[in-house]
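Contents: one structure, followed by commentary.
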Ligand code: SF4
Ligand code: SF4
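What follows is the structure in structure tokens.
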């Protein structure tokens, strides 16, 4: 057992109101610059919908992530030879029109127009060419199902559903999906990089781009199945979500989490066994990848795990943070949080609590009590549309884990309503979903009324290591297709063990 610590996020989709505050604050912090006008490290998509960039979930088109070939995990984009052959013309590279052409408005016309009979109009201007443009698409084009009859049927997840379901979906449900980089345990962006510039920090699992080493090949852009690496056309380098590491190193949550209006984001530490990652990502049955990833996580209360973590050099306060981690509770104890597209085999570390509200809304629309456990359980089973669609997103199509998560949320909802109305809760609601009343109420406290310090349990041990953290890096590649300059094993060197000259720290570079 090789214990490692990973910072992870859980988002409760029931509470996302689609306000885009997270996207805007992230943009103001990280990408409000030339060259990355089109880049949204955090974006919020309406589902069903095509997403950003368009149809990024269609891996038959984009070939991101990993796939199994003859039992071996290999980049879906092909082996090293194919990737090298595509260096100068990569057919799997999204073009600007797949994202959108960023634009601003000719505000000067408004302010400087001479007095006249007509009201001046600020026309859209391309933020790239400075020329007048006509706006045809954007990162938020399908907001709240705007244009759904025309666009949402192109959603790859909708296209996998049956015809009958497809025709009904737009009357049935809608929810918002905020997305950032998944800071995967098995990141295909890192394995795709020919320059060894992408790396996963061994201390906390954050995936970053070394700007000095990046040569702008953009293999990481096509290699990431979530399309969460962006090319800066000014600097010629790749950029991506940093999980706001300068904030996390001093114990603060990411900007998107800090400013989230719905208070739906949770950040915490998970301990996992790095020796099991390759095997779990190679699980042959796609629908068992969720379970396989769960099997990699370790119980931070298990004394044996604690001893192994200490032997591996995980700081004491990281271990105690893992024991208090809201993310650990939601993912492994309550099993209400699920990974986004586990079938990409990157082992994503931003997990989602699927939304129950589409079911409640549909139920309430039929005149039934949308808070009553029996009604809700029946509706979860009867409403195939949300269940199948959510399963396509979170469990490679297996409806059972989604059903369990929704039933647990329904049981919690109904139990707490009875408590708040002074009624006697029906014990069958909790036992029917395999939870006791204490766990149900603890889950309610976490999901409904958790305070800032309960939602973000971020160890501050990194403060003393902040300088060194910039240099503690590994490349990561599973299987026999290492990134040139990379290593075939996972995250094996810690500070002091690094090969000389590899990722020098600021101190080694002679900088204060
Ligand atoms: S989502 Fe995963 S594969 Fe994509 S950039 Fe982030 S770490 Fe890399
Ligand atoms: S700030 Fe929070 S509630 Fe608003 S869109 Fe982002 S995740 Fe959703």
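In UniProt numbering, the protein residues as written are 1 to 512.
Backbone N, C-alpha and C define an ideal beta-carbon position, used for all residues, glycine too.
These numbers were taken from a predicted model, which means no experiment stands behind them.
Not one heavy atom of ligand 2 is found less than 8 angstroms from the C-beta of residue 139. The C-beta distance from residue 239 to residue 74 rounds to 26 angstroms, too long to fall under 8 angstroms, and the pair is not in contact. Considering only 30, 22, 460, the residue with the shortest C-alpha distance to residue 269 is 460.
Placement of the Cβ of residue 126 at a distance of 8 angstroms or more from every heavy atom of ligand 2 is found. Excluding its 5 nearest sequence neighbours in each direction, residue 456 has C-beta neighbours in its own chain below 6 angstroms: 253, 267, listed in chain order.
With a cut-off of 8 angstroms, the C-beta of residue 17 is classified as near ligand 2, since at least one heavy atom of the ligand falls inside that distance. Assignment of residue 155 by DSSP, reduced to helix, strand and coil, places it in the coil class.
Here residue 201 is buried: its Cβ has 16 or more other Cβ atoms, across all protein chains shown, within 10 Å. Selection 206, 230, 144 evaluated against residue 214 yields 230 as nearest (Cα-Cα). In the DSSP assignment, residue 62 falls within the unbroken alpha helix (DSSP H) covering 59 to 62.
In the structure shown, residue 46 falls within a strand segment according to DSSP collapsed to helix, strand and coil.
In this structure, ligand 2 has no non-hydrogen atom nearer than 8 angstroms to the beta-carbon of residue 220. Residue burial annotation: residue 395 is buried, with at least 16 other C-beta atoms found within 10 angstroms of its C-beta. Using a 10 angstroms sphere on the CB of residue 421, the tally of other CB atoms stays under 16, which defines it as exposed. In the pairwise beta carbon analysis, the segment 340 to 360 is classified as touching the segment 64 to 79: at least three pairs are separated by under 8 angstroms. Assigned with DSSP and collapsed to three states, residue 126 falls in strand.
Contact between the segment 219 to 237 and the segment 184 to 204 is present: 3 or more CB-CB pairs across the two stretches fall below 8 angstroms. Counting other Cβ atoms within 10 Å of its Cβ, residue 105 stays below 16 and is therefore classed as exposed.
Within the model, the alpha-carbon separation for residue 339 versus residue 418 is close to 31 angstroms. Residue 416 sits in a helix when the DSSP states are folded into three classes. Within 8 angstroms of the C-beta of residue 451 there is not a single heavy atom belonging to ligand 1. The residue among 258, 236, 379, 388 with its C-alpha nearest the C-alpha of residue 25 is 258. Of the residues 312, 247, 387, the one whose Cα lies closest to the Cα of residue 275 is 312. A distance of 9 angstroms or more separates the beta carbons of residue 143 and residue 21.
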